[in-house]
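So that you can map any letter, position 318 of the sequence shown is 365 in the working numbering, and since no number is skipped, the others follow by simple counting.
Cβ atoms here follow ideal geometry from the backbone N, Cα and C, with glycine treated the same way.
Note that the structure is predicted; figures quoted are calculated from it, not measured.
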Amino acid sequence: MFNVDTASLKKINGALTAADGGAVQITDVSGDGRYVLYTGGLGSKQLFMRDTQLGITTQLTSGSGATSQGRLSGDGKTVVFTSAADNLVGGDTAGKDDIFVLNLETKAVTRLMAASGAQGNGDASYPVITPDGKFIAYASESTNIVNGEGGVLRDIFLFNTQTGATTAVSAGMPQSSYKYNPIISPDGRYVTYIGQVAGNAMPAVIVRFDSVTGTSTALAVPSSGQNDNLLLDDATPDGRYVVFESRQNNLVANDSNSSSDVFRYDTVTGETVRVSVSTGGVEGNGDSSTASISNNGRYVAFVSDATNLVPGDTNRGTGGTGRDVFVRDMETGVTIRASVQASGQEFSYPMFRYAQISDDGTSIAFSEVDGVYKISLTGINEVVGRTVVGGSGNDVLQGGAGDDILQGLGGNDVLIDSAGNDTLDGGDGFDIAQFSTGLRGATITNSGGNRIVTHNNQTDTLISIEEIHFADGRMVYNPQDGIAQVVRLFNAALGREPDQAGLNFWASAIKNGVSLTTLADGFLSSPEFAQRYGSNLSNEAFVTAVYKNTLGRDPDAEGLGFWVSALNAGSSRGQVLRDFSESNENVQKTSGLIAAGIWDVDDQAVQVARLYDTVFARKPDLEGTVFWKNAMQNGAANLLSVANAFTGSVEFQQKYGALSNRDFVSAMYQNALHRAPDADGLNFWTGALDGGTSRAQLVVDLSESNEHVQLTLAGTMSATTPGIAFA
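As structure tokens, then:
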């Protein structure tokens, strides 16, 4: 049954703000809800980007003129926008609104120019960009963009960011017509736009340009009427379906609501269907707009002021607020409301402005100024489940939205959990089950030799799985793993199970290449070992202690003599301890601990979690932690660069940016250590900051200090509740 999964509703960021506190306007939301572009400010509007995973807001422009119409590429690397500023690039003397391209990785800003390299002599607007950032379509009133093209009103152009070539998309259209509101297919082949004859005396025309054939096709021409706010919203990647909004009352039969409606046009059949109607086909009693369509054209999301599209819609206030998000299944004719709280109740007088459906139609991101929300849909695509079977090699398998069976068979496989109650059967080889949640968001139990993982209202059955990976670490069941060796070493050296902090300390060492013998030496030189057995232990007493720990008995005379002789002949105690630790007897003695699962917390995830506490004085976001720990593990970032990103955020700057270095040191001490700085520490760090040390470096040093590590143990590697405590 096509419906919303209310339990999945998540508010994935806080309120959107401008640096000076001015009003904001959302211009784009990425399909997964992670990035939000918006403009804001009391003076000239500037462009901001909110990373909802990391909870970080970045100001993208500081121009001398207003910025608007920001759009983000699907890969999150490029932003295009319109600006009247003349100081974003050198040589901007035309005094016109231009299209700018911002590379978010290099921070380089470029301006779209005429093919000759000259400045455009007219205003530009409506920029859109392909997911890979290769193509940009836009409208311009300039007459010098491409030789021989450019009317007295406005034309559409397609710019290739890789070759620098510009194509006149609207060539052939009357020069006395406006062309505006382009949308572009993901591969850049199709540019669809609106053409309107000057004076608005004739109906608007939706035109699709094919950049491969160079031809243009009129897609929808009403039999009569006028423009009436015709706007393009989205199209499927293959160009077949186009969704748009219009007040025209002659596109479909029985359109009498005098409201803006959402329509879907089929370029193959020529059929226009109204989307913004109820399941029974009743037209909406309010305006509908801002549509987004799934890749297969089946599901269309949109926002609407209407209160009669679904039963129980009573949240429209007397002041006119009450704009909800809806989704219509174009095959079954079912319309549902997506903007429903986790409790199942409707929002109180919402004003949602954008609705972005995922490519496969399984989730929707929608936004208003106070935040961005994401919710999953049920009854989409593979709701009945399926069986996915690997081969003899190393496979990566993932199911869909239903109750799936993943069978790895041979090889070392990775089985990725998805929606539904799945069965993950690794088969032969070394197999990993991968979950997106943190360990504290899951429960692992044993049943009939299998492991049952319960999380996010799902229950998954794991068969022949050697490791379970979570967002913040891994649960290990393999007795040959390095962390299993550490467990055995704890028993051999100290006669006890490992504590979580100690386990992860020594496991980090072995993962970084430290040998087991060197680890054994470390255990023998530890204060705990000296406290248990004394600091002047004879070789005979040492061998006796290790026998008791590993074998549970005193040594026999022959064994005692053998090991004491080995030590007297030059073998180190670390070597002897290593051999006892890896003996069959000790492996068997500790097998129950390992079979129950050993938690190996991710070191980088813990570092990022501590950094959230130091910088923002709050628990870490799950998505943000995963993003930054992956970046660190892939070599794209280190802890200092993460701290630089955190301290460069608008959230951080608003709270701490105006503080003096001395006051900043005090604030960070309170965040990280929950106390005022001692005089020496305050003077040292104030002097360091005054001398050029970055604030990010101070943050890293405080975050990784032993005092802060100890204070955050309960939230990162607690013995009673392992895993990171996420927000």
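Here T208 carries a coil assignment [DSSP, helix/strand/coil]. Comparing alpha carbon positions, the residue from T337, G142, W553 closest to V347 is T337. Contact holds between the region 587-607 and the region 532-547, because three or more Cβ pairs, one in each stretch, are under 8 Å apart. DSSP places R97 in no alpha helix (DSSP H) but in the uninterrupted beta strand (DSSP E) bounded by 93-98. Straight-line spacing of the CA atoms in S572 and G621 works out to 10 Å. DSSP places Q388 in the coil class of the three-state scheme, outside both helix and strand.
Per the C-alpha coordinates, the member of A162, A402, F206 positioned closest to S77 is A402. Nearest to D650 by alpha-carbon distance, out of A518, G438, R665, is A518. The Cβ neighbour count for F731, taken over all protein chains shown within 10 Å, is under 16; the residue is labelled exposed. For the pair Q578 and N615, the Cα-to-Cα distance works out to about 24 Å. E544 sits exposed, since fewer than 16 C-beta atoms from the chains shown fall within 10 Å of its C-beta. Segment contact: the region 639-659 against the region 601-618, fewer than three CB-CB distances shorter than 8 Å; contact not assigned. Annotation: the continuous alpha helix (DSSP H) that includes Q700 extends over 697-703. Between the region 705-720 and the region 667-687 there are fewer than three inter-stretch CB-CB distances shorter than 8 Å, so the stretches are not counted as touching.
Counted as a single uninterrupted DSSP element, the stretch harbouring H721 is not any alpha helix (DSSP H), since DSSP gives it neither H nor E. With a contact defined as Cβ atoms closer than 8 Å, N228 and Y173 qualify at about 6 Å. Every unbroken stretch of the beta strand (DSSP E) spanning 3 or more residues and falling wholly within the region 286-322 is given here in chain order: 288-293, 308-313, 319-321. Of the candidates L298, R294, S414, Y237, S414 places its Cα closest to the Cα of V350. Using a 10 angstroms sphere on the CB of P667, the tally of other CB atoms reaches 16 or more, which defines it as buried. Taking the Cβ atoms as the reference, V746 lies roughly 17 Å from A678, outside the contact range of under 8 Å. A check of alpha carbon separations from V126 across G102, V156, D139 identifies V156 as the nearest. CA-CA distance, T354 to D406, rounds to 27 Å. CA-CA distance, N301 to A489, rounds to 52 Å. Taking each of N168, D710, Y237 in turn and checking the Cα distance to I183, the smallest one comes out for Y237.
Rounded to the nearest whole angstrom, the C-alpha separation of I515 and I230 is 43 Å. By the neighbour-count definition (other C-beta atoms within 10 Å, threshold 16), S582 is an exposed residue.
Excluding the 5 residues flanking it on each side, T434 has same chain C-beta neighbours closer than 6 Å at I452, in chain order. Counting of Cβ neighbours within 10 angstroms places G169 among the buried residues, the total reaching 16 or more. For D601, same chain residues with a beta-carbon under 8 Å away, outside a window of 5 residues either side, are T591, Y594, K595 in chain order.
Q635 counts as exposed, since fewer than 16 other beta carbons sit within 10 angstroms of its beta carbon. Short of 6 Å from the beta carbon of L84, and not among the five residues preceding or following it, lie these beta carbons of its own chain, in chain order: T74, D75, M96, G117, L119. G770 and S303 have their C-alpha atoms spaced approximately 58 Å apart.
Annotated three-state conformation of F477 is coil, per DSSP.
Under a 10 Å Cβ-count criterion, T768 is classified as exposed, with fewer than 16 other Cβ atoms of the shown protein chains found around its own Cβ. Scanning A466, V461, G485, I491 for the CA closest to the CA of D478 turns up V461.
Burial is judged here by how many other beta carbons sit within 10 angstroms of a residue's own beta carbon; Q209 has fewer than 16 and is exposed.
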